[in-house]
Amino acid sequence: MRMPNWISALCVLLIASTGLAVAPAPSVLLCGGSMMNGDHFSDSVVPVMRAHYAGVKKLALVLHATAPADRDRMEARLKTAFAHLAGIEAESLHHYDAAGQCALLERADGIFVGGGETFELLAELYRTGELELIRRRVAAGVPYGGASAGANVAGLHIGTTNDFPVAEIPSRAALGVFPAVINPHHPLSEAKADFDGRAGKIRYYLRFNPTETILALGNASIARLHDGRVTFEVGHGWVYSAAGVRALNPGDRIPELVPKS
Numbered sequence: 258m259r260m261p262n263w264i265s266a267l268c269v270l271l272i273a274s275t276g277l278a279v280a281p282a283p284s285v286l287l288c289g290g291s292m293m294n295g296d297h298f299s300d301s302v303v304p305v306m307r308a309h310y311a312g313v314k315k316l317a318l319v320l321h322a323t324a325p326a327d328r329d330r331m332e333a334r335l336k337t338a339f340a341h342l343a344g345i346e347a348e349s350l351h352h353y354d355a356a357g358q359c360a361l362l363e364r365a366d367g368i369f370v371g372g373g374e375t376f377e378l379l380a381e382l383y384r385t386g387e388l389e390l391i392r393r394r395v396a397a398g399v400p401y402g403g404a405s406a407g408a409n410v411a412g413l414h415i416g417t418t419n420d421f422p423v424a425e426i427p428s429r430a431a432l433g434v435f436p437a438v439i440n441p442h443h444p445l446s447e448a449k450a451d452f453d454g455r456a457g458k459i460r461y462y463l464r465f466n467p468t469e470t471i472l473a474l475g476n477a478s479i480a481r482l483h484d485g486r487v488t489f490e491v492g493h494g495w496v497y498s499a500a501g502v503r504a505l506n507p508g509d510r511i512p513e514l515v516p517k518s
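The sequence shown begins at 258 in the working numbering and counts up by one.
Below, the structure written as structure tokens:
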């Protein structure tokens, strides 16, 4: 039965009067990798990136997955790319100590986690306490974007990362802000040997983990969680489960992936 309008209005007034607020739905964008062309984002990903970060002024760059000697150069590329995208000021955490990094994450109204070594990234997120901080910020409605390793750690855990374990981690459990396990850099079917090899590995993984759902993303391919639903936006993607595999087309909803309420 439909709720009368006056009751809906009363509920809104009661929430406002008690200082309570309905938490915004998380907004999470994941890219399979290779989303840049020099120091700009590739044309194919610009529209969805611009929509995802609409209204963001200050962006925290999390570059823990990048080798320390390369972080300044990566930051410079991303600063230029985000400024060109929507006039967004981006700054990397690596300029600060642990307290300063957390402060930047607290004041930023957008987050982007770059690619590189997934195990190093997750280890650093645990070591600094940033795993829980980012999780909390995303739950509060701060838009999160992640590419490659940054997509891996947005998922439930890092079960299907392609990376070597270059660092010890306390757990494979990741941010859990996206309702799947992620496999980035998935080869296209045109590269048959590579495609078959990757698909075979994921299917074999699912024999040991049959309750999991794997979202595989090709390079420059994007899926987005927004307004409580997951949509495949750009490029090439696949959903793997114990029941089989389904290829995704841009614009497809992914009902297999249900966000936590």
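Think of the CB as a built atom: it goes at the ideal place given N, C-alpha and C, for glycine as much as any other residue.
Using the beta-carbon count (16 or more within 10 Å), is residue 428 buried or exposed?
-> Your numbering for residue 428 matches position 171 in the sequence shown. Answer is exposed; the Cβ neighbour count stays below 16.
Cβ neighbour criterion (16 or more within 10 Å) applied to residue 323 | In the sequence shown, residue 323 corresponds to position 66, counting from 1. Looking at its Cβ environment, which holds 16 or more other Cβ atoms inside 10 Å, residue 323 is buried.
Grouping DSSP H, G and I as helix and E and B as strand, with all else coil, what is residue 450?
-> Position 193 of the sequence shown, counted from the first residue, corresponds to residue 450. Residue state, collapsed to three classes: helix.
Under 8 Å by Cβ, that's how I've got residue 434 and residue 392 pegged, so tell me the actual separation to the nearest angstrom.
-> As a position in the sequence shown, residue 434 is number 177, starting the count at 1. As a position in the sequence shown, residue 392 is number 135, starting the count at 1. Confirmed, about 6 Å.
Return the residue from the list 365, 372, 440, 377 that minimises the CA-CA distance to residue 395.
-> As a working mapping, residue 395 is identified with position 138 in the sequence shown. Closest option to residue 395, Cα to Cα, is 365.
Would you be able to state if there are at least three C-beta pairs under 8 Å between the stretch 313-330 and the stretch 499-515?
-> no
Closest by CA to residue 414, which one among 402, 488, 375?
-> For the purposes of this step, residue 414 is taken as the residue at position 157 of the sequence shown. It is 375 whose Cα lies nearest to the Cα of residue 414.
Using DSSP bridges, identify the partner residues of residue 297.
-> Position 40 of the sequence shown, counting from 1, holds the residue named residue 297. 294, per the DSSP bridge assignment.
Residue 336, DSSP secondary structure in three states | Residue mapping note: residue 336 aligns to position 79 of the sequence shown, counting from 1. In the structure shown, residue 336 sits in a helix (DSSP, three-state: H, G or I).
When burial is assigned at 16 or more other CB atoms within 10 Å of the CB, is residue 272 buried or exposed?
-> On the sequence shown, residue 272 is found 15 positions in, with the first residue counted as 1. Caution applies to residue 272, whose pLDDT of 34 falls short of 50 and renders its modelled position unreliable; the model cannot decide the point.
Looking at residue 360 and the ligand GDP, is the gap between the Cβ and the nearest heavy atom below 6 Å?
-> No copy of the ligand GDP occurs in the structure displayed, which carries no ligand at all.
Assign residue 494 to one of three DSSP states: helix, strand, or coil.
-> Numbered from 1 along the sequence shown, position 237 holds the residue referred to as residue 494. If DSSP states are grouped into helix, strand and coil, residue 494 belongs with the strands.
Just how far apart, CA to CA, sit residue 431 and residue 379?
-> Against the sequence shown, residue 431 aligns to sequence position 174. Against the sequence shown, residue 379 aligns to sequence position 122. Rounded to the nearest angstrom, the two C-alpha atoms are 7 Å apart.
Candidates 420, 486, 491: which alpha carbon is nearest residue 510's?
-> In the sequence shown, the residue the question calls residue 510 occupies position 253. Minimum Cα distance to residue 510 is reached at 486.
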